[in-house]
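Asks: Structure in structure tokens, see below.
There are 2 protein chains.
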Amino acid sequence: MPKITFDTDSYYLDGKPFFFYSGEIPYFRVPRKDWRFRLQKLKDAGANCVSTYIPWGFHEPEEGSVSFEPDSQKDLDGFLALCAEVGLFVVCRPGPHCYSELRFEGLPDWLCENYPQIRATDFDGKSFRSSSVSYLHPIFLEKAKKWFDAVMPVIQKHTLSNGGTVAFIQLDNEIGGTHEWIWGGYDYNPETIGLFEENGRYPHFLKSRYHSIEALNDHYGTDFPDFAHVEYGKTNNPSTLYEARRYEDYLHFTFEMEAEYLETLANWCGAYINDCILIHNSGTGIMNPHFQEAARRLGKKFLLGSDHYYNLGSHWPQNNPTPQFVSQCFLSMEMLRMMGFPPSIFEFPAGSIGSWPPITRQDLQCDAMAHLAFGMKGLNYYIFSGGPNPEKMGSTVIDYDYSAPIGSKNQIRPHYKALEEVGRYLEENRDLALSKRATDLKIAIDLEHVRSDYYKQDIGFGLGHKELYQFLHLGLLCTAFCGSYSPEILDIHTPSAFMNLSTPLIVPSSAVMAKSVQQNLVNFLKKGGKLLILPMLPEMDEFLSPCTILRDYLGGGKTRPFSYDMPLFELEQFGPAIKSQGKLYETAVLPDGAKRLGFDPITSKLAAWEEETENGGKAIWLGFHWNYCDEGQTRMLEFVLSRLGYDGHKAVECDNPNLWAILRTTKSRAVLYVMNLFTQEMSGTVSLNLSTGREAKEITVPAMDVLTLEFPL
Amino acid sequence: MPKITFDTDSYYLDGKPFFFYSGEIPYFRVPRKDWRFRLQKLKDAGANCVSTYIPWGFHEPEEGSVSFEPDSQKDLDGFLALCAEVGLFVVCRPGPHCYSELRFEGLPDWLCENYPQIRATDFDGKSFRSSSVSYLHPIFLEKAKKWFDAVMPVIQKHTLSNGGTVAFIQLDNEIGGTHEWIWGGYDYNPETIGLFEENGRYPHFLKSRYHSIEALNDHYGTDFPDFAHVEYGKTNNPSTLYEARRYEDYLHFTFEMEAEYLETLANWCGAYINDCILIHNSGTGIMNPHFQEAARRLGKKFLLGSDHYYNLGSHWPQNNPTPQFVSQCFLSMEMLRMMGFPPSIFEFPAGSIGSWPPITRQDLQCDAMAHLAFGMKGLNYYIFSGGPNPEKMGSTVIDYDYSAPIGSKNQIRPHYKALEEVGRYLEENRDLALSKRATDLKIAIDLEHVRSDYYKQDIGFGLGHKELYQFLHLGLLCTAFCGSYSPEILDIHTPSAFMNLSTPLIVPSSAVMAKSVQQNLVNFLKKGGKLLILPMLPEMDEFLSPCTILRDYLGGGKTRPFSYDMPLFELEQFGPAIKSQGKLYETAVLPDGAKRLGFDPITSKLAAWEEETENGGKAIWLGFHWNYCDEGQTRMLEFVLSRLGYDGHKAVECDNPNLWAILRTTKSRAVLYVMNLFTQEMSGTVSLNLSTGREAKEITVPAMDVLTLEFPL
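So the sequences go chain by chain: A and B.
Each number in our numbering comes from the position in the first sequence (counting from 1) with 30 added on.
Each number in our numbering comes from the position in the second sequence (counting from 1) with 30 added on.
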């Protein structure tokens with residue numbers, strides 16, 4: 031009996047590392063007679079797994095009448111048996127939600143229509159959509175449990191320990207999506223959150239967070255008599271600090287509810303199945319950290335992946351994977367790794383809702399190879415092959431062909447070749463499953479920043495977290511990749527972020543930083559660590575309470591954005607001012623013993639300083655928030671890091687910023703990936719240090735392509 | 031003495047058609063010693079014109095001290111003489127505003143700093159930025175007039191009638207940009223608008239619009255005692271009909287103010303110069319119709335062009351010209367033509383503020399050729415070549431190199447080749463200046479819709495005008511181009527829109543349509559015209575007063591969007607439901623004698639009907655608002671038009687929706703442009719009817735390229 035395990039490095043089959051390579055085949059759409067053909071084509075492309083939604087609404091069209099009728103389109107049992115026969119592992123995705131452009135997201139009509147009380151509501155208690163459900167509503171849970179009790183036994187027959195190939199079960203789908211994407215907020219269903227109930231979820235959450243109502247009132251600027259009387263802040267765009275605190279609490283409460291929901295589903299599943307990995311697909315990379323609470327609750331059997339789409343229609347921002355998109359994908363995968371998972375894209379685009387703009391072979395292959403360069407260890411193509419929607423169950427189309435590699439009439443489309451190419455690459459390079467990316471810079475990020483967009487608009491803090499995230503991927507990361515750096519991303523909440531005292535630690539910061547993190551940074555500096563913090567110095571802790579531990583240690587003052595746009599930024603002893611495309615932060619206070627490092631050349635206002643601390647420690651505050659636009663920014667980063675004693679060693683050097691070069695190594699060899707994500711051929715020279723000496727190569731990469739070069743080690 | 035004229039078809043030099051082919055060389059940045067070299071390189075690339083800003087702040091650094099010092103960087107006179115020597119026409123752009131990433135947009139520091147009262151303000155009377163000026167503020171006008179009085183004599187020496195080559199003068203720059211883009215609204219400076227003053231501009235405007243205060247109060251739901259007491263609606267996002275009406279008035283008032291400003295500048299200029307064409311560059315295509323009032327006031331000496339950027343930084347939505355972008359460019363050029371101008375792009379990207387993401391040769395050339403296919407008659411590259419900013423005048427950078435074709439150290443960059451290629455093409459195809467695009471469909475649009483985004487959020491009208499614009503370029507136009515149609519765009523406010531009774535007229539409509547237009551459509555139908563109106567039937571006139579002339583004639587009822595998202599749409603006798611990626615509109619009323627044509631297959635609600643009117647007239651209402659995503663949508667459009675008697679004749683047929691084929695003809699020949707705006711080579715078959723019979727060709731177009739094919743006529 032085969033056994034699948036995973037860690038942050040890889041998936042393992044009976045202890046042997048492998049790439050998870052999967053494609054979605056919705057059995058309920060593909061005509062039964064074509065099941066085998068489609069599965070075989072998937073396997074032929076090099077896949078080792080198949081994935082499918084199992085829509086509740088399809089199997090239980092009338093309440094209480096669940097059917098998996100043999101020899102019909104509903105014959106899940108037959109499909110799973112066939113998967114085993116063809117030799118593919120299976121990801122079962124029984125919902126409750128599927129999305130998948132199914133009517134009511136795959137929920138039964140009767141559920142959405144007859145039980146309006148289960149709908150998620152906005153903060154005025156108004157439901158905004160019939161299929162956006164309040165996950166923990168008791169009636170929804172009661173009905174959903176019956177569905178799990180019906181579908182799990184069918185799946186259970188086919189799990190690995192029962193001789194089948196079902197190895198993964200996905201719990202629900204892109205949780206939070208139908209709330210956040212539809213009305214831009216969370217679920218406030220009063221019955222679910224137990225508003226104004228002594229033992230309600232929300233009062234309970236607040237009580238465990240604040241202990242006394244006085245503490246809460248003090249924090250909120252309110253005078254509620256007790257926890258059961260607390261109203262949530264009725265805003266998605268807080269405009270005061272008090273509002274922001276209430277909003278932030280609701281955000282964390284939401285993540286706890288989502289975790290409780292996932293745990294509930296996991297328990298229902300666990301009543302039948304204990305030999306499967308329980309997975310979930312975060313809707314986008316930026317949502318990955320929403321599932322930290324879930325990861326804690328579900329423990330080792332849980333595996334989070336992310337969905338990475340670059341084009342689902344002409345209204346999307348681009349038609350193909352751009353460097354800006356891929357930089358976000360990198361960050362998404364690093365966050366998954368930081369959370370303990372092998373970076374996996376559980377929905378990797380192989381088609382699109384419409385047929386235009388097209389998903390081309392070139393784009394698809396380039397996207398996959400770029401993901402591999404950055405450390406992807408698994409992917410599931412969405413979708414590999416589809417077909418007609420069950421009657422009245424489609425929400426966008428009758429024939430859910432999805433411009434997939436295999437069309438709904440068994441046509442083999444040109445981009446099937448891309449799947450084959452990637453499959454062949456993975457097969458021929460199985461050892462790369464355990465490869466590591468060679469890194470040079472160290473950037474420590476706070477997942478709390480990524481997931482808390484609670485001040486979308488700046489409410490006087492100086493920097494919204496959406497802006498900070500933009501700085502991270504368009505500023506720091508694009509600067510790094512264009513400068514052929516390959517940064518290691520560290521979790522600032524873990525001790526390992528502070529282990530290395532010789533390499534500077536780059537810390538993007540807003541006005542908010544957890545108290546413990548501030549203290550750890552102080553300790554790091556005291557021990558001789560080197561810190562580059564930008565663009566702000568924190569002044570509040572994780573509860574948005576005043577906290578200036580770090581600033582006090584450094585002796586720095588308040589940092590605030592310049593009041594005029596497009597300032598210049600000049601650094602002492604550096605050269606000409608730096609192109610900005612961003613904003614500058616100023617401070618009135620040069621810490622005692624610190625040296626002025628950067629300023630606005632027009633007003634001479636202080637925008638950066640450097641300061642030596644104890645035991646050889648050193649800190650630089652750089653009040654600069656940029657989008658990458660020029661090599662001068664790379665040189666600036668290099669210069670600033672060199673002042674922190676950085677040796678400037680890069681894993682790879684490439685002289686063309688439009689070519690991003692990433693080196694991956696195993697014990698025996700190194701593979702260099704050079705990606706060109708533009709529409710024109712690009713040339714450059716790449717060089718790297720090998721045991722055999724420095725090697726330099728002139729390369730030309732065609733438009734939208736990833737070149738791979740091999741080096742023995 | 032050469033004479034330059036223009037009409038909607040072309041520019042003419044002494045009556046002979048020519049393409050206006052220009053590049054920006056800011057003389058104040060390019061070192062004096064390099065002026066000749068840069069100008070010559072521009073001419074060598076095939077250009078016939080050079081353009082330059084003349085920054086007020088550069089020439090008048092202290093109030094009253096205007097200098098054009100000979101033999102210095104300020105020697106405008108010398109530069110203009112050199113332009114004539116090299117043999118290039120000149121566009122002078124003396125402001126007052128330049129933008130151009132100059133500090134204070136090129137205005138003098140002393141003006142922006144010492145006269146805060148001239149700043150534009152938000153609707154709370156607060157200024158939002160020191161260089162966003164209230165155009166008609168008396169102090170600003172007083173200072174600006176002195177600048178014009180100083181600079182115009184220098185320019186005047188070099189105009190055509192004085193033996194020089196200055197042929198164009200640009201008045202200000204992207205008017206409205208520093209208001210709308212900075213804070214998202216217009217200028218409400220109380221002194222400029224004369225708030226609460228009996229003869230103030232705003233009271234005066236309202237008086238001329240409403241005549242009596244009772245009429246205004248009735249329309250606004252207010253009770254102001256007289257016009258001098260009327261407050262403007264303090265909102266950019268009206269939420270009630272009354273608010274929308276006040277907002278709409280302020281919008282029109284703004285356009286009048288901008289026109290008055292342009293007319294003022296034109297008069298100042300006219301005191302010195304009468305032999306130049308006065309131009310203005312609209313900031314983006316969607317702003318073109320903002321200048322309708324200006325065009326009326328300035329008359330035949332005025333020429334509006336537009337600025338078309340696809341990438342000014344990594345935070346832009348795409349890095350290269352996409353089909354979605356080019357569809358908007360097409361619409362922009364059609365609007366310019368409708369307004370009486372030869373479609374001209376006065377800032378056509380040849381570089382970018384930063385060097386990344388790059389402007390590549392491939393992208394640039396493809397963008398230019400696509401524009402030519404769609405009817406561009408003139409372009410000015412922004413910028414052709416730059417250099418260091420005058421001291422303390424740069425806002426983004428010291429060296430304004432702009433990644434231009436010729437670098438600030440005289441380097442010749444690879445994309446210079448693209449300029450040469452386009453230059454050669456224009457030179458070898460001078461006859462195409464008079465070429466016409468072969469058209470088939472007819473779409474009548476309302477420029478008022480394009481420029482009135484007053485209900486950004488739908489306030490119960492059923493459709494915001496931003497959404498309608500999106501439907502126009504992502505829905506109708508992308509459907510047309512992907513289906514190898516080449517629509518003629520007509521101005522619905524002109525009688526010519528209603529001349530052709532045999533070809534169906536496609537009219538995209540919101541809930542708002544001018545009374546006269548509604549009446550004209552009724553008359554059109556009465557005479558036997560064929561009308562396709564979508565997605566709404568109008569129910570208000572241009573003042574947002576109830577007006578259902580068209581609906582009453584047809585006997586139709588209210589049209590409103592479906593309450594659930596992603597509905598399906600099915601048409602009688604058509605085939606399977608159509609992929610939507612949009613929304614459906616429903617009505618409760620099937621007009622007497624009309625036939626049900628379209629419906630939502632799940633609820634069966636009526637979403638389209640067809641009705642025969644008088645004298646063979648026929649109308650179809652199609653309650654469908656889509657983004658193009660599938661060929662089914664093209665077939666639907668074809669089907670609907672065929673029911674209106676459309677013969678289905680296309681100028682060109684192309685079987686690959688990813689290749690957009692456009693035919694241009696002169697008296698003697700036809701040129702077919704086939705554009706591929708994706709990152710992968712595309713193939714297809716194009717065919718067209720020529721006098722010699724039907725000709726079909728297999729073609730392959732490389733990624734991001736425009737293929738041209740010649741046919742004799």
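Even for Gly, the Cβ is constructed at its ideal location relative to N, Cα and C.
(1) Below 8 Å on C-beta distance, what does THR352(A) contact in chain E?
(2) Which residue or residues does DSSP assign as beta-bridge partners of GLU616(A)?
(3) Should the region 420–433 of chain B be called in touch with the region 347–367 of chain B, which here means at least 3 C-beta pairs below 8 Å?
(4) What residues in its chain sit with their C-beta under 7 Å from that of LEU456(B), if we drop five residues either side in the sequence?
(5) State the beta-bridge partners of LYS648(A) as determined by DSSP.
(6) Would a C-beta distance cut-off of 8 Å place PRO418(A) and ARG694(A) closer than the cut-off?
(7) Since VAL163(A) meets chain B, which of its residues come closer than 7 Å, beta carbon to beta carbon?
(8) For ALA398(B), which option in ILE205(B), LEU636(B), PRO591(B), ASP735(B) has the closest C-alpha, if you only look at C-alpha atoms?
(9) Quick one: is the Cβ of ILE436(A) within less than 7 Å of any heavy atom of the ligand NAP?
(10) Does the beta carbon of LYS613(B) come closer than 8 Å to any beta carbon on chain A?
(11) Just tell me which of ASN706(A), ILE729(A), LYS439(A), ARG699(A) has its CA closest to the CA of SER721(A).
(12) If we cut at 8 Å on Cβ distances, does ALA733(B) have a partner in chain A?
(13) By the DSSP assignment, the alpha helix (DSSP H) with THR195(B) in it spans what residues?
(14) Tell me the DSSP secondary structure of MET705(B) in three-state form.
(15) Could you round the C-beta distance between VAL116(A) and CYS79(A) to whole angstroms and report it? I think they count as a contact, below 8 Å.
(16) By the DSSP assignment, the beta strand (DSSP E) with MET712(B) in it spans what residues?
(17) Suppose you measure from the CA of LEU687(B) to the CA of ALA434(A); what does that come to, to the nearest Å?
(18) Run through the region 431–513 of chain A for me and flag every whole alpha helix (DSSP H) of 4 or more residues, listed as ranges in chain order.
(19) Just the Cα atoms here: how many angstroms apart are PHE90(B) and TRP140(B)?
(20) Are the region 396–412 of chain B and the region 673–691 of chain A touching by the rule of at least three beta carbon pairs closer than 8 Å?
(21) With a threshold of 8 Å between beta-carbons, can HIS345(A) be considered close to chain B, or not?
(22) Assuming THR643(A) contacts LYS727(A) (C-beta within less than 8 Å), just tell me the rounded distance between them.
(23) Here's the rule I'm using: 16 or more other beta-carbon atoms within 10 Å means buried, otherwise exposed. How should SER253(B) be labelled?
(24) Got a sec: is the Cβ-Cβ distance from LYS727(B) to anything in chain A below 8 Å?
(25) Quick one: Cα of GLY559(A) to Cα of ILE650(A), how far?
(26) Look at the Cβ atom of GLU278(B), then the Cβ atom of GLU323(B), and state whether they are nearer than 8 Å.
(27) May I have the straight-line CA-CA distance separating LEU779(A) from ASP305(A), to the nearest angstrom?
(28) Assuming THR469(A) and SER532(A) form a contact by the criterion Cβ under 8 Å, report the distance between their Cβ atoms to the nearest whole angstrom.
(29) Helix or strand or just coil, what does DSSP make of GLN70(A)?
(30) Does the beta carbon of ASP429(A) come closer than 8 Å to any beta carbon on chain B?
(31) Mapping DSSP to helix, strand and coil, what is VAL670(A)?
(32) DSSP three-state label for LYS187(B), please.
(33) I want to know whether the region 489–501 of chain B touches the region 541–551 of chain B - three or more CB-CB distances under 8 Å.
(34) With a threshold of 8 Å between beta carbons, is TYR583(B) in contact with chain A?
(35) Round the Cβ separation of PRO372(A) and SER81(A) to the nearest angstrom and send it over; I've been treating them as touching at under 8 Å.
(36) Quick check: what's the CA-CA separation for ASP571(B) versus GLY585(B)?
Replies: Once the coordinates are examined:
(1) Of the chains in the structure shown, none is chain E; the protein chains are A and B.
(2) Answer by DSSP bridge pairing, in chain order: ARG590(A).
(3) Note that the region 420–433 of chain B does not touch the region 347–367 of chain B; fewer than 3 beta-carbon pairs, one per stretch, sit closer than 8 Å.
(4) Cβ contact annotation for LEU456(B) (same chain, cutoff 7 Å, sequence separation greater than five): PHE49, TYR51, GLY76, in chain order.
(5) LYS560(A), GLU642(A).
(6) Cβ distance not < 8 Å, so PRO418(A) and ARG694(A) don't count as in contact.
(7) None at all; the shortest Cβ gap to chain B is about 15 Å.
(8) Of the candidates ILE205(B), LEU636(B), PRO591(B), ASP735(B), the residue whose Cα lies closest to the Cα of ALA398(B) is ASP735(B).
(9) The ligand NAP is not part of the structure shown, which contains no ligands of any sort.
(10) With 8 Å as the cut-off, LYS613(B) does not count as an interface residue toward chain A.
(11) For the residues ASN706(A), ILE729(A), LYS439(A), ARG699(A), the minimum Cα distance to SER721(A) belongs to ARG699(A).
(12) Yes, because at least one Cβ of chain A sits closer than 8 Å to the Cβ of ALA733(B).
(13) Boundaries cannot be given for THR195(B), as no alpha helix (DSSP H) includes it and DSSP labels it neither H nor E.
(14) In the structure shown, MET705(B) sits in a strand (DSSP, three-state: E or B).
(15) With 8 Å as the limit, VAL116(A) and CYS79(A) do not qualify as a contact, their Cβ atoms being about 11 Å apart.
(16) Per DSSP, MET712(B) is one residue of the beta strand (DSSP E) stretching across 712–720.
(17) Correcting the residue type first, residue 687(B) is Pro in the shown sequence and not Leu. Whole-angstrom Cα-Cα distance: 17 Å.
(18) Those alpha helix (DSSP H) runs which fall completely within the region 431–513 of chain A and span 4+ residues are 446–458, 477–481, 495–500, 508–512.
(19) Note on identity: in this sequence residue 90(B) is Glu, with Phe being the wrong assignment. Straight-line measurement puts the Cα of TRP140(B) at about 9 Å from the Cα of GLU90(B).
(20) Touching, no, given that fewer than three Cβ pairs across the two stretches are closer than 8 Å.
(21) Cβ-Cβ to chain B under 8 Å: yes for HIS345(A).
(22) Rounded to the nearest angstrom, the Cβ distance from THR643(A) to LYS727(A) is 42 Å, too far for a contact under 8 Å.
(23) The sequence given here places Asp at residue 253(B); Ser does not occur at that position. By the Cβ-count criterion, ASP253(B) is exposed, with fewer than 16 other Cβ atoms from all chains shown falling within 10 Å of its own Cβ.
(24) Among the CB atoms of chain A, none fall inside 8 Å of the CB of LYS727(B).
(25) Answer to the nearest angstrom: the Cα atoms are 11 Å apart.
(26) Taking 8 Å as the cut-off, the beta carbon of GLU278(B) is found no closer than this to the beta carbon of GLU323(B).
(27) Nothing can be reported for residue 779(A), as the shown portion of chain A is limited to 31 through 743.
(28) About 14 Å separates the beta carbon of THR469(A) from that of SER532(A), a gap too long to meet the 8 Å contact definition.
(29) Residue state, collapsed to three classes: helix.
(30) ASP429(A) counts as touching chain B.
(31) Reduced to three states, the DSSP call for VAL670(A) is helix.
(32) LYS187(B): coil per DSSP, three-state reduction.
(33) Short answer: they touch.
(34) No, TYR583(B) does not count as interfacial toward chain A.
(35) Separation of the CB atoms of PRO372(A) and SER81(A) is rounded to 16 Å, and the pair is thereby denied contact status at 8 Å.
(36) In a straight line, the C-alpha of ASP571(B) is about 18 Å away from that of GLY585(B).
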